[in-house]
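Colleague: Numbering follows the working numbering, with no gaps: position 36 of the sequence shown is 42.
Using N, Cα and C, we set each Cβ at its ideal position, and we do this for glycine too.
First the structure, then my questions, so here it is.
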Amino acid sequence: MPKDKIEVSPSVMCMNFRNLEEDFRILENAGADRFHFDIMDGHFVPNITLGQDILRALRPVSNLPFEAHLMVENP
């Protein structure tokens, strides 16, 4: 990757959960480089978000890399 290339990693947490597959396609077509998942367990931070089952279910939707921001007590 060129040193000055900016990568775009849209957050799945900001997507419409009713249309995740469609949002993935729209963002891929717009040039997203990867997808960002915020994982919160309700202990390390007060919120709870997507878990590993959701990530597994979404993996076949896109060939782009997934990255995770883990905000959990026990990763």
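What does a CB cutoff of less than 7 Å around T55 pick up in its chain, not counting 5 residues either side in sequence?
Modeller: Within the sequence shown, numbered from 1, the residue matching residue 55 stands at position 49. M19, D44, I45, M46.
Colleague: Taking the beta strand (DSSP E) that A74 falls in, what are its first and last residues?
Modeller: In the sequence shown, residue 74 corresponds to position 68, counting from 1. Its beta strand (DSSP E) spans residues 72–77.
Colleague: Mind checking T16: buried by the 16 CB within 10 Å criterion, or exposed?
Modeller: Position 10 of the sequence shown, counting from 1, holds the residue named residue 16. A small correction: the amino acid at residue 16 is Pro; Thr does not occupy that position in the sequence shown. Buried, since its Cβ has 16 or more Cβ neighbours within 10 Å.
Colleague: Go ahead and label F30 buried or exposed: buried means 16 or more other beta carbons lie within 10 angstroms of its beta carbon, across all protein chains shown.
Modeller: Numbered from 1 along the sequence shown, position 24 holds the residue referred to as residue 30. That one is buried.
Colleague: Please name the residue in N80, A63, F72 whose C-alpha comes closest to that of E13.
Modeller: The residue given as residue 13 occupies position 7 in the sequence shown. The shortest Cα separation from E13 among N80, A63, F72 belongs to F72.
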